[in-house]
Structure formats: C-alpha cells, structure tokens
Amino acid sequence: MLSFQVETVPLCPDIMFIIIPENVKLFGRTLIISSTLLLQDFKFPGFSNLEHTDIPGLPNTSQHLDSISEVQGFNPGFLKIWKPFFLSECSITVFKDTFWWFFLHSFKPSLKDENRLFDCISSGFVSLLLMVDNDVKDKLFKVYAECLAQAIYVAFIGAFPQSQEHFDDNFTAELAEVTSLWVSGLKPKLFSWKKWQRRWLTPAKDAIKTEENIVC
Numbered sequence: 014m015l016s017f018q019v020e021t022v023p024l025c026p027d028i029m030f031i032i033i034p035e036n037v038k039l040f041g042r043t044l045i046i047s048s049t050l051l052l053q054d055f056k057f058p059g060f061s062n063l064e065h066t067d068i069p070g071l072p073n074t075s076q077h078l079d080s081i082s083e084v085q086g087f088n089p090g091f092l093k094i095w096k097p098f099f100l101s102e103c104s105i106t107v108f109k110d111t112f113w114w115f116f117l118h119s120f121k122p123s124l125k126d127e128n129r130l131f132d133c134i135s136s137g138f139v140s141l142l143l144m145v146d147n148d149v150k151d152k153l154f155k156v157y158a159e160c161l162a163q164a165i166y167v168a169f170i171g172a173f174p175q176s177q178e179h180f181d182d183n184f185t186a187e188l189a190e191v192t193s194l195w196v197s198g199l200k201p202k203l204f205s206w207k208k209w210q211r212r213w214l215t216p217a218k219d220a221i222k223t224e225e226n227i228v229c
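As structure tokens, this is what we get:
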C-alpha cells in the first residue's frame, strides 16, 4: 500500500486542478505533473506511442473543456451540438498538442518538437472539420478558436500556479491570435481576449489549498 498526499487547487466553482506527486501511478498509468509547479523547472515530457502527452495537474480533460464551455453563455440549443464537438477525442487531442506547442514556443523552444506537434495539430484540425455536418460547421468554428485559447490559458494557470507572472497580457494576446490564425486564417478582433470571462478563468490570488491523504 502506497500512501501519498494530493493537493487540490480550486480555480472557480466548476474548475479544480489536482496536483499529485511525481511518478505516482493511478489505474496503471503515470500522471504527468509538475513536481515543483515552477514553469522554468519543468521540461516537455516528450511523446508517447500510446497516447498524446497529458497536461500537468489536469486529470480530467473532458471535465476541463466542459467547464470552459459552461462559462461562454451559449444557449442550451447550441450547447447540445457544441459539447459533443468540443469534448470529442479529436478536440481533446488538439487541445493537448496545442498546449504543449505553446509551452515550447513560449518558454522552452525546441523546433523539432514544435514542428512535430504542429503536424499533429494540423491533422487534428482536418479531422475536426470532417467530423461535423456542413450546416453547423460555421457556427462551431466561429467560436472554437476562442474557446480553445481560453482552455489553454486556464490549463497553464492550473499547471503552474506559482508562475502566473509568465501568463501576462502579451502571452494571452499571442495565444488568442495564434489559435485564431490556425483555425480561421484570420486575426481576432483587437483585444478580444479582454472580453473573456476572466472572473472565472483566473484563480483568486489567495485560492485555498487543501491536502488529503490518498491510499492506493
């Protein structure tokens, strides 16, 4: 029996990040986490032949994307077609690969790994385009880039809560611009990211951290 501590960091009513000690295996797989929670000390874990690289401190990607969807103010009818698209395996893969591309591009440059991730992201975009009906395609992709950017922004804060000074306005603006260019070929409206629901997308400065003993 292995005993260890897990730290939960609440970001908002619907978003919770769980930080688990490095190399602890749960349900037969290793959760990739940042043991120091400092961006400068964390390295890109590399590629897996079995699955796309997980994001630190994000054990449930579907729940994360669902939470991002809920704060957009979409009407119930649109959510019924949006969530199966945004929470699909293909969308999750694009989200993970794009997170790591920005991690390398912004903080730990590695042209070889960035190019490999970009190829994966490009293939993922094509798969997303092919999986939706033409009559809803424009509606979905009209908001997809912004939701993807918001999901990545929150994931960075959750993965590295002690390095939030790196995720400033310049980082956010580039994140919004690059995702928009990749998805639509167009730049977003100037300062469009300032209209994000930052109250929910940004953790409180004094977010309470609790520890629980877990036995496995």
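Residue numbering for the sequence shown follows the numbering used here, starting at 14 and increasing by one per position.
The beta-carbon is built from N, C-alpha and C at its ideal position, and this holds for glycine as well.
None of the values given here were measured: they were computed from a predicted structure.
What do you get for VAL191, buried or exposed, if any count of 16 or more other CB atoms within 10 angstroms of its CB means buried? buried
When the Cα of ASP98 is compared with those of LYS152, VAL167 and HIS65, which residue comes out closest? According to the sequence provided, residue 98 is Phe. The question's Asp does not apply to it. Closest by alpha carbon: LYS152.
TRP195 - DSSP class collapsed to helix/strand/coil: helix
Classification of GLY171 by the beta-carbon crowding that lies within 10 angstroms, buried from 16 upward: buried
So which of SER197, GLN53, LYS202 and PHE120 has the shortest CA-CA distance to LYS150? SER197
Count Cβ pairs between the region 139-150 and the region 162-180 that sit closer than 8 Å; are there 3 or more? no
What did DSSP end up calling GLN53 once you bin it into helix, strand or coil? helix
Suppose you measure from the CA of LEU39 to the CA of ASP54; what does that come to, to the nearest Å? Only weak support is given to the placement of LEU39: the predicted model assigns it a pLDDT of 35, under 50, and the question is left unresolved by the model.
Do HIS179 and LEU52 have their beta-carbon atoms positioned less than 8 Å apart in this structure? yes
Separation of LYS208 from LEU251, as counted between CA atoms: Absent from the structure is residue 251, since the part of the chain shown begins at 14 and ends at 229.
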